[in-house]
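Asks: Can you keep this structure in mind? I'll have questions shortly.
Residue numbers (full-length UniProt numbering): 1 to 69.
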């Protein structure tokens, strides 16, 4: 799996995951549970991961809509 980005912004994360899934790319949010354990104050960033084979397309999709870093 490859990391696309890390973020503390729940809107950016949900937008990216939703957009990728609409394009047929399975995106996985990692560290969501760790973020909850810190009291949901947003200290720990969550990571968005995709399969190695989908990385190039996923980065292109996010770049096209301005969700890349």
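From the three backbone atoms N, C-alpha and C, an ideal C-beta is built for every residue, glycine too.
All of these numbers come straight from a predicted model, not from anything done at the bench.
In or out: residue 46 buried (at least 16 other Cβ within 10 Å) or exposed?
Replies: As a first step, residue 46 must be located in the chain shown, where it is residue number 46. Residue 46 should be labelled buried.
Asks: Taking the straight line between their C-alpha atoms, what separation do you get for residue 5 and residue 22?
Replies: Stepping through the chain shown from its first residue, residue 5 is reached at position 5. Stepping through the chain shown from its first residue, residue 22 is reached at position 22. Distance between the alpha carbons of residue 5 and residue 22: 18 Å.
Asks: Cutting at 7 Å between CB atoms, please list the residues of its own chain near residue 25, excluding the five before and the five after it.
Replies: On the chain shown, residue 25 is found 25 positions in, with the first residue counted as 1. 50, 54, 57, 58, listed in sequence order.
Asks: Buried or exposed: where does residue 43 fall if 16 or more other Cβ atoms within 10 Å of its Cβ makes it buried?
Replies: Start at 1 with the first residue of the chain shown, and residue 43 comes out as number 43. Burial call: exposed.
Asks: Please name the residue, chosen from 28, 20, 15, 12, that lies closest to residue 60 on a Cα-to-Cα basis.
Replies: Start at 1 with the first residue of the chain shown, and residue 60 comes out as number 60. Measuring from the Cα of residue 60, the nearest candidate turns out to be 20.
Asks: Of the residues 3, 2, 48, which one's Cα is nearest the Cα of residue 13?
Replies: As a working mapping, residue 13 is identified with position 13 in the chain shown. The option with the nearest alpha carbon to residue 13 is 48.
Asks: What is the residue span of the alpha helix (DSSP H) that residue 21 lies within?
Replies: As a working note, residue 21 is residue 21 in the chain shown. Element bounds for residue 21: 10 to 22.
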